[in-house]
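Worksheet: one structure, shown below.
Residue numbers (the numbering used here): 619 to 850.
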């Protein structure tokens, strides 16, 4: 019997597209030559186990020959490892996204699947998991919200798990009104007190004695008159 007859596949494991037959045979040949480098991953699901990572590896092993998935009720440690994870969906994407050569459209589909599972994750948090920009996540979110496939949540969890309120989008009418709002006319007085002139800037204080300053100004004034009379 095949391993699929003994192990339940977790929905998180089904998020990623399966390998093509050509890719599966390449993986099988690599395992045959270099042995299995990383075991498949199971998590506990009630009284049973569920596979969250390694679906293609187990398929590639069966191309080589039948494998025994369980030894009684214990998973076969030669091929399988039991782990504990908080978020199976995030784990599956994080564990596979860098070693699988997914196209942008495939990554957008994974992003959409994650948003449908948990729309409260922020765009930045999902972008780090899937390996796309936060703008790509935002565009996928807007499309899903427009088709009512996910709710429009008011708070989202950031990359550190902190809940942040989502800024409200301003309507086009409000943005247009602000853009075309006339500027206030410049005034030379305070509107709250009509005809009150603006305070004049204070002149810089001189460090010289006042009497000397006055004498200098008077002398300069007299010289100026003298120069003007002589055409200088």
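All C-beta atoms, glycine included, are put in the ideal place defined by N, C-alpha and C. Computed from a predicted structure; not experimentally measured.
Which one of the options has the shortest CA to CA distance from residue i?
{"i": "residue 632", "options": "779, 755, 694, 706", "result": "706"}
{"i": "residue 738", "options": "724, 755, 722", "result": "755"}
{"i": "residue 714", "options": "679, 630, 643, 761", "result": "630"}
{"i": "residue 628", "options": "661, 771, 686, 674", "result": "661"}
{"i": "residue 722", "options": "750, 732, 699, 734", "result": "750"}
{"i": "residue 770", "options": "734, 780, 746", "result": "734"}
{"i": "residue 678", "options": "696, 689, 650", "result": "650"}
{"i": "residue 779", "options": "704, 684, 761", "result": "704"}
In terms of residues, what are the limits of the alpha helix (DSSP H) holding residue i?
{"i": "residue 655", "result": "Premise fails: residue 655 is in no alpha helix (DSSP H) and is neither H nor E."}
{"i": "residue 713", "result": "706–714"}
Residue i lies in the beta strand (DSSP E); which residues open and close that run?
{"i": "residue 763", "result": "Looking at the DSSP string, residue 763 is not in any beta strand (DSSP E); the run it does join, the alpha helix (DSSP H), is 752–764."}
{"i": "residue 671", "result": "666–671"}
{"i": "residue 728", "result": "No beta strand (DSSP E) holds residue 728; the alpha helix (DSSP H) holding it covers 722–735."}
For residue i, does the three-state DSSP call read helix, strand or coil?
{"i": "residue 693", "result": "strand"}
{"i": "residue 747", "result": "helix"}
{"i": "residue 681", "result": "helix"}
{"i": "residue 620", "result": "coil"}
Which one or two residues does DSSP pair with residue i in a beta bridge?
{"i": "residue 663", "result": "666"}
{"i": "residue 699", "result": "659"}
{"i": "residue 775", "result": "739, 781"}
{"i": "residue 625", "result": "Its beta-bridge partners do not exist; DSSP assigns none."}
How many whole angstroms separate the CB atoms of residue i and residue j, which I take to be in contact at a CB cut-off of 8 Å?
{"i": "residue 744", "j": "residue 732", "result": "6 Å"}
{"i": "residue 672", "j": "residue 691", "result": "With a Cβ gap of about 19 Å, residue 672 and residue 691 do not count as contacting."}
{"i": "residue 625", "j": "residue 667", "result": "7 Å"}
{"i": "residue 642", "j": "residue 670", "result": "Contact flag wrong, Cβ pair sits at about 19 Å."}
For residue i, verify whether its CB is less than 7 Å away from any heavy atom of the ligand NAP.
{"i": "residue 728", "result": "Judged by which ligands are present, the structure shown has none, so any question about the ligand NAP falls away."}
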